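Please read the structure below before turning to the comments.
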Amino acid sequence: MLGFIIPFATIALAELGDKTQISLLVLSSGRRGNRRALLAGAMTAFLLVDGAAVAFGALAVEVIPMRWVKIASGVLFILFGLLSLRAESDDDGKKSSGAAAMSPFAAAFATVSILEWGDKTQVAAALFATKFHPAAVLTGTLAALAVLSAGAIWLGDAAASKINKKIVSRAAASIFIIMGIAAFFF
1 MLGFIIPFAT IALAELGDKT QISLLVLSSG RRGNRRALLA GAMTAFLLVD GAAVAFGALA
61 VEVIPMRWVK IASGVLFILF GLLSLRAESD DDGKKSSGAA AMSPFAAAFA TVSILEWGDK
121 TQVAAALFAT KFHPAAVLTG TLAALAVLSA GAIWLGDAAA SKINKKIVSR AAASIFIIMG
181 IAAFFF
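As structure tokens, this is what we get:
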């Protein structure tokens, strides 16, 4: 039971207000009515990223140097932000291309995958797996991430009707770019 409770509590506290949750909130505010697809995309990414961490334990961090993980995350996030800016529809109703045209599932999957690879919660899941049963660790980790992600997506969706979609799109792109730049330094 501790193999579930300790990862659940630790991951929930570590992720509360984290960049991933903020990103999901921003994504959902720009994609009103797609909560299930966003949550499914996010949870699929969490399962893959944290599942890999639990499966490989502490070895996952040793295989790829953390510095390279941060650089790759930063570059991908900047590209995601730039694609989001480029993809805004113009007033002629042209179809969006790039990141903004992604399905809600794909957008959430890409965002979470980029943000979580090498993140503190992935490392924590790997470390917990060296101490507790891997299935309990993965279940506790995913349960915490599901609760927080569902809350962030719900809040973003609720706020979407009250804010201008173009402003949200530009803000989201800017946040992605800022997070990408920050990844190089933190």
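Going by this note's numbering, the first residue of the sequence shown is number 1, and it counts up by one from there.
From the three backbone atoms N, C-alpha and C, an ideal C-beta is built for every residue, glycine too.
Predicted model, so just to flag it, every value in this text is computed and none were measured.
Supposed contact pair residue j and residue i - C-beta distance, whole angstroms, cut 8 Å
{"i": "residue 80", "j": "residue 55", "result": "The Cβ separation is near 26 Å, so there is no contact."}
{"i": "residue 6", "j": "residue 128", "result": "7 Å"}
{"i": "residue 14", "j": "residue 121", "result": "5 Å"}
{"i": "residue 175", "j": "residue 26", "result": "6 Å"}
{"i": "residue 112", "j": "residue 10", "result": "Between residue 10 and residue 112 the Cβ distance is about 19 Å, and since that is not below 8 Å, they are no contact."}
{"i": "residue 170", "j": "residue 104", "result": "About 19 Å separates the two Cβ atoms, so there is no contact after all."}
{"i": "residue 106", "j": "residue 24", "result": "Actually they are not in contact, since the Cβ atoms of residue 106 and residue 24 sit about 14 Å apart, beyond 8 Å."}
Rounded straight-line distance, which links the Cα of residue j to that of residue i
{"i": "residue 96", "j": "residue 152", "result": "Residue confidence for residue 96 is low, a pLDDT of 48 falling below 50, so the modelled location carries little weight; the figure read from the coordinates is stated next. In a straight line, the C-alpha of residue 96 is about 25 Å away from that of residue 152."}
{"i": "residue 179", "j": "residue 172", "result": "10 Å"}
{"i": "residue 41", "j": "residue 143", "result": "15 Å"}
{"i": "residue 102", "j": "residue 37", "result": "12 Å"}
{"i": "residue 2", "j": "residue 132", "result": "8 Å"}
{"i": "residue 141", "j": "residue 18", "result": "15 Å"}
{"i": "residue 135", "j": "residue 34", "result": "30 Å"}
{"i": "residue 86", "j": "residue 158", "result": "26 Å"}
{"i": "residue 183", "j": "residue 16", "result": "19 Å"}
Close Cβ partners of residue i (< 7 Å) along its chain, the five nearest in sequence each way excluded
{"i": "residue 39", "result": "149, 150 and 153"}
{"i": "residue 118", "result": "66, 69, 70 and 73"}
{"i": "residue 137", "result": "3, 7, 54, 125, 128 and 129"}
Same chain, Cβ closer than 6 Å to residue i, five either side skipped, listed in chain order
{"i": "residue 114", "result": "73, 76 and 77"}
{"i": "residue 53", "result": "60, 122, 125 and 126"}
Close-in-space but distant-in-sequence residues of the same chain around residue i (CB under 8 Å, 5 per side omitted)
{"i": "residue 163", "result": "29"}
{"i": "residue 181", "result": "74 and 78"}
{"i": "residue 116", "result": "20, 45, 46, 49, 50 and 122"}
Bounding residues of the alpha helix (DSSP H) (the contiguous stretch that carries residue i)
{"i": "residue 35", "result": "35 to 56"}
{"i": "residue 157", "result": "134 to 160"}
{"i": "residue 104", "result": "104 to 116"}
{"i": "residue 7", "result": "2 to 15"}
{"i": "residue 19", "result": "19 to 29"}
{"i": "residue 128", "result": "120 to 129"}
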